[in-house]
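Report on the following structure.
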Amino acid sequence: LAQILTCCACLPHSKSLSDEENLKLFGKCNNPNGHGHNYKVVVTVRGEIDPVSGMVMNLTDLKEYMQEAIMEPLDHKNLDKDVPYFSEVVSTTENVAVFIWDNLQRLLPQGILYKVEVHETEQNVVVYKGEETIVK
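Note that full-length UniProt numbering gives residue 85 to position 85 of the sequence shown, counting from 1, and the numbers run on in steps of one.
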C-alpha cells in the first residue's frame, strides 16, 4: 500500500454534449479555463507474502512504479492539453483512476495490483479495481 499526491488541472468536457449540457452536467468544474486538483492516490497491492522479505512487494519498488505511472505523466500538467489519453477521454476522477490503473498494470508484476483510490477531495473518492469502479 502506498500513497502519492499529484497536482494537475483539468476541464471535464464531453465532446458528445453541447456547451450548455456540459455546464449542466459538470457545473463549476466545466470552467472554460479549467480548474486544478491536488489528487491523493492510494495504490493497494496484494499477493503472497515472500517468506524471505516478509513483503508482498518492496515499497521502494512500488513508489518507483507510481512515480513512472502517475507523477511523470500527470503531476503539474493540464490533463486535457498535456496528456494524450485525455484528448479523447473526459478528464473526470473516474477516468483518472482508469488511466492510473492501466499505467500501473503495464509496470507491476502480473496480478499484484488490487485497487487504485483517487481522492479528489475528502468527500469525493473513486475506487477502481480493474473493471469494477466504486464511487464513495
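For every residue, glycine included, the Cβ atom is placed at its ideal position computed from N, Cα and C.
Coil, strand or helix - residue i by DSSP
i	result
Lys129	strand
Leu113	strand
Val43	strand
Val96	helix
Asn58	coil
Asn103	helix
residue 143	Because the chain here runs from 1 to 136, residue 143 falls outside it and cannot be looked at.
Residue i versus residue j - alpha carbon distance
i	j	result
Gly36	Val83	15 angstroms
Val96	Gly47	25 angstroms
Val107	Leu25	This sequence places Leu at residue 107; Val is not what is there. So the alpha carbons of these two residues sit roughly 34 angstroms apart.
Lys115	Asn103	13 angstroms
Asn38	Glu120	7 angstroms
Gly122	Lys81	The question names Gly, yet the displayed sequence has Glu at residue 122. Going by the C-alpha atoms only, they are around 26 angstroms apart.
Glu64	Lys129	21 angstroms
Gln105	Leu74	16 angstroms
Val41	Ser18	31 angstroms
Gln67	Ser53	23 angstroms
residue 139	Gly111	Since the first residue of the chain shown is 1 and the last is 136, residue 139 is not available in this structure.
Glu20	Pro109	44 angstroms
Asn124	Pro51	38 angstroms
Per-residue burial, residue i [other beta carbons within 10 Å of its own, 16 or more giving buried]
i	result
Met57	buried
Ile100	buried
Met55	exposed
Ser91	buried
Ile70	buried
Glu72	exposed
Glu117	buried
Measuring CB atoms only, is the region 77-93 touching the region 58-66, in the sense that at least three cross pairs come out at less than 8 angstroms?
no
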